[in-house]
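Worksheet: the structure to be examined is printed underneath.
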Amino acid sequence: MLTSLEKFVSDALVEKKIINAKELQDAVEEKKRTGKGITKIITEQGIISSTHLFRLISEQIGMEPIELKDKIPEVKALALINGASARLYRVLPLKVSGNTLDVAVADPFNTTAFDDLRFMLNMEIRGLIADETELLEALDKYYGKEKESVDEIIKEVEEKSALCSIKESEWQTVDISSLEQLAKTAPVIKLLNLILVQAIRDRASDIHFEPFENDYKVRYRVDGVLYEMVPPPKKISLALSSRIKVMAGLNIAERRLPQDGRIQIYLDGRDIELRISTLPTSFGESVVMRVLDRTVVSLELDQIGIDKDSERFLRKIIEKPYGIVIVTGPTGAGKTTTLYSCLKVINTMDTKIITTEDPVEYDIDGVVQMNVHENIGLTFARCLRHILRQDPDRIMVGEIRDLETAEMAVQASLTGHLVLTTLHTNDSAEGITRLIDMGIEPFLLVSTLEAVIAQRLVRKICQSCKESYIPTKEILTELGISESITKGKQFFYGKGCPTCNFTGYKGRSGIFEILVINDQLRNLILERAPTVIIRQKAKELGMISLKEDGIKKIFDGITTIEEVAKVT
Numbered sequence: 001m002l003t004s005l006e007k008f009v010s011d012a013l014v015e016k017k018i019i020n021a022k023e024l025q026d027a028v029e030e031k032k033r034t035g036k037g038i039t040k041i042i043t044e045q046g047i048i049s050s051t052h053l054f055r056l057i058s059e060q061i062g063m064e065p066i067e068l069k070d071k072i073p074e075v076k077a078l079a080l081i082n083g084a085s086a087r088l089y090r091v092l093p094l095k096v097s098g099n100t101l102d103v104a105v106a107d108p109f110n111t112t113a114f115d116d117l118r119f120m121l122n123m124e125i126r127g128l129i130a131d132e133t134e135l136l137e138a139l140d141k142y143y144g145k146e147k148e149s150v151d152e153i154i155k156e157v158e159e160k161s162a163l164c165s166i167k168e169s170e171w172q173t174v175d176i177s178s179l180e181q182l183a184k185t186a187p188v189i190k191l192l193n194l195i196l197v198q199a200i201r202d203r204a205s206d207i208h209f210e211p212f213e214n215d216y217k218v219r220y221r222v223d224g225v226l227y228e229m230v231p232p233p234k235k236i237s238l239a240l241s242s243r244i245k246v247m248a249g250l251n252i253a254e255r256r257l258p259q260d261g262r263i264q265i266y267l268d269g270r271d272i273e274l275r276i277s278t279l280p281t282s283f284g285e286s287v288v289m290r291v292l293d294r295t296v297v298s299l300e301l302d303q304i305g306i307d308k309d310s311e312r313f314l315r316k317i318i319e320k321p322y323g324i325v326i327v328t329g330p331t332g333a334g335k336t337t338t339l340y341s342c343l344k345v346i347n348t349m350d351t352k353i354i355t356t357e358d359p360v361e362y363d364i365d366g367v368v369q370m371n372v373h374e375n376i377g378l379t380f381a382r383c384l385r386h387i388l389r390q391d392p393d394r395i396m397v398g399e400i401r402d403l404e405t406a407e408m409a410v411q412a413s414l415t416g417h418l419v420l421t422t423l424h425t426n427d428s429a430e431g432i433t434r435l436i437d438m439g440i441e442p443f444l445l446v447s448t449l450e451a452v453i454a455q456r457l458v459r460k461i462c463q464s465c466k467e468s469y470i471p472t473k474e475i476l477t478e479l480g481i482s483e484s485i486t487k488g489k490q491f492f493y494g495k496g497c498p499t500c501n502f503t504g505y506k507g508r509s510g511i512f513e514i515l516v517i518n519d520q521l522r523n524l525i526l527e528r529a530p531t532v533i534i535r536q537k538a539k540e541l542g543m544i545s546l547k548e549d550g551i552k553k554i555f556d557g558i559t560t561i562e563e564v565a566k567v568t
């Protein structure tokens, strides 16, 4: 999805015949693949120079351009905006004239930045358009490493903010105008900006703001593990949650019901979407931000950790014209990422794909995607019923939760559609018995089911501090690895370094168990064989289990024994 600036730039370049339709489409595809901005892509490709581009933009919108190479900002201007906010908003403060602050901007359509700065500084903001590359270089030059820490901003909040005057007993009766004022308090904006920048740069997948009786925790999840940040004082929890709700366009006065929203930000040259979920608790609102950053999550089938032989198997299955493919595993096992990767393989010009999800996590060009809304009766089953009237070739159903959805998926397959979906079970064989337990007749299942894929996510060893070691017999026994198969094998772990924040791990990979339905398994399904019999027969026929795939990744130096033992 293009930003306002990218859409404006694209239209202007096409109109002036500087770029043709194919070059623009190629740039859009690269943005989806890499997360880079359109303007960065077309300047890197040499279609137009960055200087020419930003001058063209300034002429079109009437905003004065500025060259930053030889421009030295005033010290008092730099002191007005901290490094985290400058990077988040992509602005460089240049000069103070009375009550007006001149700032260099790369995106003149980023009205949120101008509004926030006006509230934070109580000053008028005048934007001057600058080249994006020069702006990012200037931010590094004049701010360097973050000088302001979370501790310093928290201290500022406690010392200068009027938030301290609000008692916990008064929170439920605070009026809207007071909430809006809290949300626009400068220290609160600065603190939230710094939290976002720090968490996103550490590749966090989720950011948690959690109120408890006596304290307020901020934690973020990296590679599946939660890490705690410096805890802000409990008394600013209302201000932080109000600030987040303002940014997400939620009702700040509603603190009794859960709410969902989204925030779009641009950081370090990447478009990042934050999915917001609020939850009323006994001690205030718990807020969780889901970070959707395409540059961190790969949506390519050959990048999710599946081995080459299994990948070839899976590609053949998903290219079939009809049938059901199920991905199983617990929440957070990467099921949706696997389904998206499959969709990218089969997403061709002559194929219509429709998905129903809860919620839609990533926009995929060429795929029609819809959200379920159970509060108004728009369930997976109802969505699927209407999707079938839209003449699709392939369908993705976010999750089979009940018999009605399962029956609709079977019906869709029987009428000539390929259905990709997920199910919450521990392994692939259990997925089959779960559907039968739901009420799906075995004869329908053997006619439609093509494969069940179980998966988990394991943390990958950091390549910067990777070292070999000899594991103890006890650790090998814990995972069921016999000494006979370890001969000639090396084991690795991450010693810990700045690259991985001294955790020894960086990034995650999937481990997979692919159960392909054949005639022998179909006979067992018709006989309503128990899970253990189906699993045993599948292994006899060559299925690699989750644990076996994990052990292979241990021997390949991708992950550790502890990680595989933890998830299998």
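Residue numbers for the sequence shown follow this note's numbering, beginning at 1 and rising by one. For every residue, glycine included, the Cβ atom is placed at its ideal position computed from N, Cα and C.
Could you round the C-beta distance between residue i and residue j to whole angstroms and report it? I think they count as a contact, below 8 Å.
i: Ala412; j: Leu435; result: With 8 Å as the limit, Ala412 and Leu435 do not qualify as a contact, their Cβ atoms being about 14 Å apart.
i: Gln259; j: Glu273; result: With 8 Å as the limit, Gln259 and Glu273 do not qualify as a contact, their Cβ atoms being about 17 Å apart.
i: Ile346; j: Lys460; result: That belief does not hold up - the Cβ atoms of Ile346 and Lys460 are roughly 27 Å apart, past 8 Å.
i: Tyr220; j: Pro233; result: The Cβ separation is near 19 Å, so there is no contact.
i: Val230; j: Arg203; result: The pair is not a contact, with the Cβ atoms about 19 Å apart (cut-off 8 Å).
i: Ile38; j: Ser10; result: 6 Å
Go to residue i, then tell me how far its beta strand (DSSP E) extends in each direction, as first and last residue.
i: His208; result: Asp206 to Pro211
i: Leu68; result: No beta strand (DSSP E) contains Leu68, which DSSP labels as neither H nor E.
i: Gln578; result: Nothing in the structure corresponds to residue 578, since the chain is present only between 1 and 568.
i: Thr415; result: Here Thr415 belongs to no beta strand (DSSP E), and DSSP marks it neither H nor E.
i: Phe502; result: Premise fails: Phe502 is in no beta strand (DSSP E) and is neither H nor E.
i: Met120; result: Element bounds for Met120: not the beta strand (DSSP E) but the alpha helix (DSSP H), Thr111 to Leu121.
Are the Cβ atoms of residue i and residue j separated by less than 9 Å?
i: Ile400; j: Thr421; result: yes
i: Arg87; j: Val105; result: no
i: Ile276; j: Arg256; result: no
i: Gln198; j: Ala84; result: yes
i: Leu92; j: Pro65; result: no
i: Thr379; j: Thr405; result: yes
i: Met438; j: Asp402; result: yes
i: Ile544; j: Ile534; result: no
i: Ala565; j: Glu513; result: no
i: Pro128; j: Asp107; result: According to the sequence provided, residue 128 is Leu. The question's Pro does not apply to it. No. Outside cutoff.
i: Leu299; j: Tyr266; result: no
i: Leu250; j: Gly261; result: yes
i: Gly480; j: Lys547; result: yes
i: Tyr322; j: Leu418; result: yes
i: Glu430; j: Met396; result: no
i: Lys95; j: Ala77; result: yes
i: Asp365; j: Glu30; result: no
i: Leu13; j: Leu56; result: yes
i: Thr331; j: Asp427; result: no
i: Gln60; j: Phe8; result: yes
i: Ser286; j: Glu213; result: no
i: Ser509; j: Gly305; result: yes
i: Cys500; j: Ser464; result: yes
i: Leu476; j: Ile511; result: no
i: Ala27; j: Glu67; result: no
Any idea if residue i is buried or exposed, counting beta-carbon neighbours within 10 angstroms, 16 or more meaning buried?
i: Thr425; result: buried
i: Gly398; result: buried
i: Asn20; result: exposed
i: Asp116; result: buried
i: Pro187; result: buried
i: Met120; result: buried
i: Asn99; result: exposed
i: Ser482; result: exposed
i: Gly377; result: exposed
i: Thr337; result: buried
i: Gly494; result: buried
i: Thr568; result: buried
i: Pro211; result: buried
i: Tyr505; result: buried
i: Thr560; result: buried
i: Leu226; result: exposed
With respect to the alpha helix (DSSP H) encompassing residue i, which residues constitute its N-terminal and C-terminal limits?
i: Arg434; result: Ser428 to Met438
i: Asn193; result: Ala186 to Arg201
i: Arg385; result: Phe380 to Ile387
i: Gln60; result: Ser50 to Ile61
i: Ala77; result: Val75 to Leu78
i: Ile41; result: Ile38 to Glu44
For residue i, verify whether its CB is less than 8 Å away from any heavy atom of the ligand GDP.
i: Arg315; result: With respect to the ligand GDP, the structure offers nothing, as it holds no ligand at all.
### Ranges of the alpha helix (DSSP H) found wholly within the region 316-364, counting only runs of at least 4
Under the rule that a run must span 4 or more residues, the alpha helix (DSSP H) segments found entirely inside the region 316-364 read 335-346.
### Message
Please give me, in chain order, every unbroken run of the alpha helix (DSSP H) with length at least 4 that falls completely inside the region 515-563.
### Response
Those alpha helix (DSSP H) runs which fall completely within the region 515-563 and span 4+ residues are 519-526, 531-540 and 546-555.
### Query
Which ranges does the beta strand (DSSP E) cover as unbroken runs of at least 3 residues, wholly within the region 219-254, from first to last along the chain?
Taken in chain order, the whole beta strand (DSSP E) runs of length 3 or more contained in the region 219-254 are 225-228.
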